[in-house]
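Structure, as structure tokens:
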Amino acid sequence: MIQSMTGYGKTIIQLETKKISLEIKSLNSKNLDINTRFPGVYREKEIEVRRLIANNLVRGKVDMSFYIESTAAETSTKINREVVANYIKELEEIHQEDDLLSIAMRLPDVLKTEREELDPEEWALIQSGILEAIENLKEYRRSEGEELRIDFEQRIAVLKEKLREVISLDGERLEQVRIRLKRSIKELEQTVDENRFEQELIYYLEKLDITEEKVRLTNHLNYFEKELDVNISNGKKLGFISQEIGREINTIGSKANFAPMQKAVVEMKDELEKIKEQLLNVL
Numbered sequence: 001m002i003q004s005m006t007g008y009g010k011t012i013i014q015l016e017t018k019k020i021s022l023e024i025k026s027l028n029s030k031n032l033d034i035n036t037r038f039p040g041v042y043r044e045k046e047i048e049v050r051r052l053i054a055n056n057l058v059r060g061k062v063d064m065s066f067y068i069e070s071t072a073a074e075t076s077t078k079i080n081r082e083v084v085a086n087y088i089k090e091l092e093e094i095h096q097e098d099d100l101l102s103i104a105m106r107l108p109d110v111l112k113t114e115r116e117e118l119d120p121e122e123w124a125l126i127q128s129g130i131l132e133a134i135e136n137l138k139e140y141r142r143s144e145g146e147e148l149r150i151d152f153e154q155r156i157a158v159l160k161e162k163l164r165e166v167i168s169l170d171g172e173r174l175e176q177v178r179i180r181l182k183r184s185i186k187e188l189e190q191t192v193d194e195n196r197f198e199q200e201l202i203y204y205l206e207k208l209d210i211t212e213e214k215v216r217l218t219n220h221l222n223y224f225e226k227e228l229d230v231n232i233s234n235g236k237k238l239g240f241i242s243q244e245i246g247r248e249i250n251t252i253g254s255k256a257n258f259a260p261m262q263k264a265v266v267e268m269k270d271e272l273e274k275i276k277e278q279l280l281n282v283l
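Numbering (the UniProt record's numbering), first residue to last: 1 to 283.
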């Protein structure tokens with residue numbers, strides 16, 4: 001089952017004093033490109049989280065963000081009472097004002113920030129939330145992948161229909177080539193040996209023969225359809241198959257030498273380009 005590289009997942013963790021929102025999103029990329037935004041207290045876990053993402057998402061441009069909202073009055077910034085008391089004592093010796101506290105509070109080192117330590121139990125909850133967000137993103141990818149699969153199946157069906165059209169035109173094409181050659185010789189008003197003419201005609205028609213291309217193209221289209229239903233999403237493999245499909249279509253076009261067949265080939269190329277564009281977003 002194919003998956004898209006586009007995805008989004010979100011988890012909210014409610015703790016005693018804060019609410020943590022975890023968001024993860026991904027876009028298409030040839031390789032895995034991870035970007036994370038961590039609050040300072042969780043920075044030490046960044047490598048661990050990046051490894052967790054890499055083990056689960058394989059490819060894509062991935063952005064993960066932490067958002068913290070305090071839900072309690074608790075803060076890591078405290079008043080340095082000893083410093084404030086010393087400031088007020090010194091100010092009393094200089095000024096006889098009533099509002100010495102407001103003056104003291106504007107002086108250096110009045111506020112001190114205590115470094116918040118990471119709680120192992122809290123991190124275990126956050127780690128579980130990260131895994132949940134990743135799983136939500138993967139479910140999004142699977143849903144998008146199902147839509148891509150339907151689109152691919154429809155476009156492969158169009159290519160098969162156009163190939164049947166090419167096959168049906170092949171006999172008429174070769175007969176038209178034969179008629180054109182005979183007409184050209186007649187216009188030259190030259191007498192030719194019929195046996196030699198037939199030999200040269202057969203040689204020429206062999207050059208225009210597309211039997212092998214039709215067989216290979218049929219096989220490639222069937223192979224592409226088969227790969228859409230395998231358990232592992234492999235956009236790169238589908239990309240290689242689409243290149244082989246394009247190679248056979250191009251060869252048929254170069255050998256066609258017949259307007260109705262060339263028209264069908266152009267339509268096949270158009271459908272294939274749409275498939276290739278969509279494949280850029282397949283995991």
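All C-beta atoms in this analysis are idealised placements derived from N, C-alpha and C, irrespective of residue type, glycine included.
Asked	Found
For M64, write down the residues that DSSP places opposite it in a beta bridge.	I24 and T36
Please state whether DSSP places Q14 in a helix, a strand or coil.	strand
Do Q7 and S29 have their C-beta atoms within less than 7 angstroms of each other?	Checking the sequence, you will find Gly at residue 7 rather than Gln. It is not a contact, given that the beta carbons lie outside the stated cut-off.
Could you give the C-beta distance for V58 and L32, rounded to a whole number, given that I count them as a contact under 8 angstroms?	6 angstroms
On the three-state DSSP scale, how would you describe V83?	helix
Ignore the nearest five residues each way along the sequence and tell me which others in I275's own chain have a CB closer than 7 angstroms to its CB.	F152, R155 and S242
Contact between the region 36-52 and the region 63-73 is defined here as three or more beta-carbon pairs at a separation below 8 angstroms; is this criterion met?	yes
From L148, I210, E248 and T36, pick the residue whose C-alpha is nearest to that of L174; which is it?	I210
Taking the Cβ atom as the reference point for each residue, do R142 and Q3 lie within a distance shorter than 7 angstroms?	yes
Under 8 angstroms, with one C-beta from each stretch per pair, do the region 213-224 and the region 251-265 reach the 3-pair mark?	yes
Between which residues of its own chain and L221 is the CB-CB distance below 8 angstroms, once the five residues before and five after are set aside?	I156, L159, K160, L163 and I245
When the Cα atoms are used, what is the spatial distance from S233 to M64?	23 angstroms
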